[in-house]
Amino acid sequence: MTSTLDALAATAEDTLTLGILDEGAKREIRRATLTAVCVPGYQVPFGSREMPVARGWGSGGLQITLAVIGADDTVKVIDQGDDAGVNATNLRRMIASTTGCADTADTREATIVQTRHRVPEEHLADGQVLVLQVPVPEPLRGVQKSVVECARMHAEGDYSAMWVSLYEDLVRNGMITRTTGYPVLVDGRYVLATTPIPRWDVPRLHDSEHLSLFGAGREKRIYAIPPHTDVRPLTFDDVPFEVEYTPGAACVLCGHDDVFLVAAGTSGAYACSDTEWCARVREADADLTAHRDRAPLHLLPDPATRLTGTTTTTPRPQRARPAPTPGQDWALRVDGLGKVFGAGGADAVPGTGPESGSAISPTTGAIVAAWDVSFDVAPGEALGVIGESGSGKSTALACVIGDEQATAGTVRLAALDEGRTDLLTLPPEARRRLRIDSMAVVHQNPAAGLDLRVSAGGNIAERLTAAGWRSYHGIRERAAELLDRVEVPLSRMDDPVRTFSGGMRQRVQIAKALATEPPVLLLDEPTTGLDASVAAGVLDLLRGLLSERDIAAVVVSHDFAVIEALTDRTLVMQLGRVVERGLTDQLFHDPHHPYTQRLVAAARR
Amino acid sequence: MPVLSIRALRKSFTLHTIDGRTVASLHGVDLDVEEAEHVALAGPSGAGKSSLLRCVHRTYLPDSGSVRLGDTELTSLPDRAMARLRGREFGYVSQFLSAPPRTGPLDVVAASARRRGLDPSEARDAAADSLRRLNLDETLWDVDCSVLSGGERQRVNLAAGTVRPPRLLLLDEPVSALDPANREAALDLIEALREHGVAVLAVFHDLDAMRRLATRVVLMRDGLIADQGAPADLLETV
Numbered sequence: 001m002t003s004t005l006d007a008l009a010a011t012a013e014d015t016l017t018l019g020i021l022d023e024g025a026k027r028e029i030r031r032a033t034l035t036a037v038c039v040p041g042y043q044v045p046f047g048s049r050e051m052p053v054a055r056g057w058g059s060g061g062l063q064i065t066l067a068v069i070g071a072d073d074t075v076k077v078i079d080q081g082d083d084a085g086v087n088a089t090n091l092r093r094m095i096a097s098t099t100g101c102a103d104t105a106d107t108r109e110a111t112i113v114q115t116r117h118r119v120p121e122e123h124l125a126d127g128q129v130l131v132l133q134v135p136v137p138e139p140l141r142g143v144q145k146s147v148v149e150c151a152r153m154h155a156e157g158d159y160s161a162m163w164v165s166l167y168e169d170l171v172r173n174g175m176i177t178r179t180t181g182y183p184v185l186v187d188g189r190y191v192l193a194t195t196p197i198p199r200w201d202v203p204r205l206h207d208s209e210h211l212s213l214f215g216a217g218r219e220k221r222i223y224a225i226p227p228h229t230d231v232r233p234l235t236f237d238d239v240p241f242e243v244e245y246t247p248g249a250a251c252v253l254c255g256h257d258d259v260f261l262v263a264a265g266t267s268g269a270y271a272c273s274d275t276e277w278c279a280r281v282r283e284a285d286a287d288l289t290a291h292r293d294r295a296p297l298h299l300l301p302d303p304a305t306r307l308t309g310t311t312t313t314t315p316r317p318q319r320a321r322p323a324p325t326p327g328q329d330w331a332l333r334v335d336g337l338g339k340v341f342g343a344g345g346a347d348a349v350p351g352t353g354p355e356s357g358s359a360i361s362p363t364t365g366a367i368v369a370a371w372d373v374s375f376d377v378a379p380g381e382a383l384g385v386i387g388e389s390g391s392g393k394s395t396a397l398a399c400v401i402g403d404e405q406a407t408a409g410t411v412r413l414a415a416l417d418e419g420r421t422d423l424l425t426l427p428p429e430a431r432r433r434l435r436i437d438s439m440a441v442v443h444q445n446p447a448a449g450l451d452l453r454v455s456a457g458g459n460i461a462e463r464l465t466a467a468g469w470r471s472y473h474g475i476r477e478r479a480a481e482l483l484d485r486v487e488v489p490l491s492r493m494d495d496p497v498r499t500f501s502g503g504m505r506q507r508v509q510i511a512k513a514l515a516t517e518p519p520v521l522l523l524d525e526p527t528t529g530l531d532a533s534v535a536a537g538v539l540d541l542l543r544g545l546l547s548e549r550d551i552a553a554v555v556v557s558h559d560f561a562v563i564e565a566l567t568d569r570t571l572v573m574q575l576g577r578v579v580e581r582g583l584t585d586q587l588f589h590d591p592h593h594p595y596t597q598r599l600v601a602a603a604r605r
Numbered sequence: 001m002p003v004l005s006i007r008a009l010r011k012s013f014t015l016h017t018i019d020g021r022t023v024a025s026l027h028g029v030d031l032d033v034e035e036a037e038h039v040a041l042a043g044p045s046g047a048g049k050s051s052l053l054r055c056v057h058r059t060y061l062p063d064s065g066s067v068r069l070g071d072t073e074l075t076s077l078p079d080r081a082m083a084r085l086r087g088r089e090f091g092y093v094s095q096f097l098s099a100p101p102r103t104g105p106l107d108v109v110a111a112s113a114r115r116r117g118l119d120p121s122e123a124r125d126a127a128a129d130s131l132r133r134l135n136l137d138e139t140l141w142d143v144d145c146s147v148l149s150g151g152e153r154q155r156v157n158l159a160a161g162t163v164r165p166p167r168l169l170l171l172d173e174p175v176s177a178l179d180p181a182n183r184e185a186a187l188d189l190i191e192a193l194r195e196h197g198v199a200v201l202a203v204f205h206d207l208d209a210m211r212r213l214a215t216r217v218v219l220m221r222d223g224l225i226a227d228q229g230a231p232a233d234l235l236e237t238v
């Protein structure tokens, strides 16, 4: 009698090949790879397996290669442009011996090229697959620590942080210094890290004939650039993308300068990074003319075109102001807005409010932070919302902004769909977009509206790039104009905001809020936390800005002086309800509600 | 049609901070002010003269009654429309300057002129002209209003109120802190308003000003109009 094990062993001899990955794992990786090809540039998570190489030694690339390779393939492995490196040699041998495929150093013969650091100098043709071993797949890692936030930015196509990092690089260094991993926009949708290749190779990914697959084993991500996909390096319209270049350098072996060169030895000499290409050039087995056409020589650094022009080459994006709709003179309208923290929703409301003397529901214990708050603001008008701490004014504003999820009510913007759409029904990403150019916010704490590590100009650049500005000089000009208006010395424009005083930070925040000339401006305690003389300066600035612009402003403050200085009309809130509303001077001189009278009496002391 | 028409205007204050006590101020006032007419409110302190002005301006919200500016009912006008109308269609000059802090006289007056429809350069010219007529020293034109003397501030306030005058001006003791020479200039300026057809409703404490400016004197007592007539007839009885 034959045992099952013997039977299996007998059949396996003929049909199964020894492999590092089991068929299930290969299917998983192929599925992820297919998804990646279908959504160019999107990082697909996959169940990364243990490999017989250390993570960081090409385990991601190896898994892709082993999953897509067949016995009739020919594999080439490059490490730092070199086929003969220890790592490249070992990976190549391992792949060939476990899959039974052929191996080669000649790019023209290879069907799969697994690489670290380089795209071969030789032309990659239709049908060839380039597998890249990726160390850090997340292009946003350098600008955003939170993985969740990175995912959101990709999902919403919100890459302004990336643009700010390029802007900051230009400000600090006069040029973009990032070499490997230059960010590119794939198919007009996802920003992708071109790690591990140098900038020299980036143009080779655009509209290529071959398929590029990127594998990151440690971070468990696969992404792809299918053939003939649009791949654009992120760069400002007036700052050309440049490749690495050492003036006068040429390969000591083949003598060519239209290749990616690396320092050879310590003598200051250079040699081709791609050893296979260099050897073939010397053996006269290379199409030099075609290669020269391929080389990114038009992208060599040209100091004459870099950052010298002061003229704006691209027009500023202009957002057409919606024409006022007849019979509707508001820019922002809020109806019946409510927010309940805790259980019960609207059922928690009875028994709360000024009459009950409490915001806590007697039935459910929920906190009714704001209820039935309604107001509208017209262009050129400023509305005040006043009340003590805990009166619900900031909660109501947070619901309008979208920082809090409102329990009830509607919020409309004239700039959005002529005021027919309720903002509260929009998904969070749509509300975030509105905050770029339709409804700006100035927070009490500048850190909430600014990135303190980034320069003053860079913070403004963030808002402008989010709104579609792509001219470096245009952005600089606009930022300088705004900072000048808010009286931040232009000599401080390129300093990180964390080096600014509180009043200066608040001015930068105001400049950023106004950057896109939003029709609605929401100010949450704009001068609270500043000492008296600084607060006075910020208040004067805001008064000037509001009077010279046709902006609809909502000013939330506990301070009557702020409300009086900035607003025409005011709401008084107590325990989550609007208890009185009127002209600001009338509320101050002829307050009706007991609570308002108390507030006024307190303010007069 | 009168520029300003007040009917059955009542106003009282409920003081919640003092155990809900109610203080009555106006008990049903009827008053018309025609174009180019200067109506002076006279009467003892607490008679409701200033309250009446403030009810028209809606710094006080009237309890009942009607205040019409031309065709427009002011008591029920939405706050936003009222805010727009103020300064543009009618002005209120109080005894004290209510200028935004840290602004200079020229800016204060020019801002007022801009609200009344002048473009920025015209507004500055008009403001300069107005300040000059009130003899405000040119070296003070760009200093912070809060450092000015009482008389200087009052002149800035009057200049802001009368520059490019609107149809109706409410004046609440606008010359109380001025020395005789400046007072003359201020009264000249107010007198000239009538040539522009401006309707004026004013409170003055001194009889000379009233005799000189008023076309009609309205005597108020206890929140009601007690008597009215030509200055010459009425002022002898006060």
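Read top to bottom, the protein sequences are chains W and L. Numbering-wise (UniProt numbering), the first sequence opens with residue 1 and increments by one. Numbering-wise (UniProt numbering), the second sequence opens with residue 1 and increments by one. Beta carbons: idealized from backbone N, C-alpha and C, even for Gly.
One alpha carbon belongs to residue 372 of chain W, the other to residue 215 of chain W, and they sit about 53 Å apart.
For residue 92 of chain L, the three-state secondary structure derived from DSSP is strand.
Relative to the Cα of residue 514 of chain W, the nearest Cα in the group W/341, W/256, W/435, W/185 belongs to W/435. Here residue 145 of chain W is exposed. Its C-beta has fewer than 16 other C-beta atoms within 10 Å.
Between the stretch 354-364 of chain W and the stretch 394-407 of chain W, the count of C-beta pairs closer than 8 Å stays below three; the two stretches do not touch.
Residue nearest to residue 415 of chain W within the set W/509, W/468, W/518, W/442 is W/518 (criterion: CA-CA distance). Think of a sphere of 9 Å around the beta carbon of residue 589 of chain W: the chain L residues whose beta carbon falls inside it are 54, 59, 60, in chain order.
Around the beta-carbon of residue 64 of chain W, 16 or more other beta-carbon atoms lie within 10 Å, marking it buried.
A distance of 7 Å or more separates the beta carbons of residue 258 of chain W and residue 286 of chain W. With a contact defined as Cβ atoms closer than 8 Å, residue 593 of chain W and residue 572 of chain W qualify at about 7 Å. According to the DSSP assignment, residue 270 of chain W belongs to the beta strand (DSSP E) that extends over 269-272. Residues of the stretch 527-542 of chain W with a Cβ closer than 7 Å to any Cβ of chain L, in chain order: 536, 540.
Residue environment for residue 23 of chain L: exposed (fewer than 16 other C-beta atoms within 10 angstroms of its C-beta). Residues of chain L with a Cβ closer than 9 Å to the Cβ of residue 381 of chain W are, in chain order, 80, 83, 84.
Three or more Cβ pairs closer than 8 Å define a contact, and the stretch 374-385 of chain W meets that threshold against the stretch 332-347 of chain W. The Cβ atoms of residue 497 of chain W and residue 541 of chain W do not sit closer than 7 Å to each other. Segment contact: the stretch 383-397 of chain W against the stretch 111-130 of chain W, fewer than three CB-CB distances shorter than 8 Å; contact not assigned. Taking residue 176 of chain L as reference, the option from L/210, L/71, L/193, L/59 with the minimal CA-CA separation is L/210. Within chain L, no residue has its beta carbon less than 7 Å from that of residue 332 of chain W; the closest one is some 13 Å off.
When rounded, the separation of the alpha-carbon atoms in residue 595 of chain W and residue 462 of chain W is 42 Å. Assignment of residue 251 of chain W by DSSP, reduced to helix, strand and coil, places it in the strand class. Pairing residue 557 of chain W with residue 511 of chain W, the inter-Cα distance amounts to about 20 Å.
A check of alpha carbon separations from residue 24 of chain W across W/211, W/231, W/46 identifies W/46 as the nearest.
Just so you know, the alpha carbons of residue 155 of chain L and residue 490 of chain W end up roughly 39 Å apart.
Within the stretch 96-109 of chain L, the residues whose Cβ lies closer than 9 Å to any Cβ of chain W are, in chain order, 98, 100, 101, 102, 103. Within the model, the alpha-carbon separation for residue 165 of chain W versus residue 139 of chain W is close to 11 Å. Per the DSSP secondary-structure output, residue 43 of chain W pairs with nothing in a beta bridge.
Residue 136 of chain L and residue 100 of chain L have their C-alpha atoms roughly 19 Å apart. In the three-state scheme derived from DSSP, where H, G and I count as helix and E and B as strand, residue 328 of chain W is classed as coil. At a cut-off of 7 Å between beta carbons, residue 583 of chain W contacts chain L.
Here residue 206 of chain W carries a coil assignment [DSSP, helix/strand/coil]. Taking 7 Å as the cut-off, the beta carbon of residue 141 of chain L is found closer than this to the beta carbon of residue 106 of chain L. Within chain W, not a single residue places a beta-carbon under 7 Å from that of residue 27 of chain L; the smallest gap is close to 17 Å. Counting along the chain, the unbroken alpha helix (DSSP H) around residue 125 of chain L starts and ends at 120-133. Nearest in C-alpha terms to residue 64 of chain L, of all of L/134, L/12, L/123, is L/12.
For chain L, none of the residues of the stretch 437-450 of chain W brings a beta carbon within less than 7 Å of one of its beta carbons.
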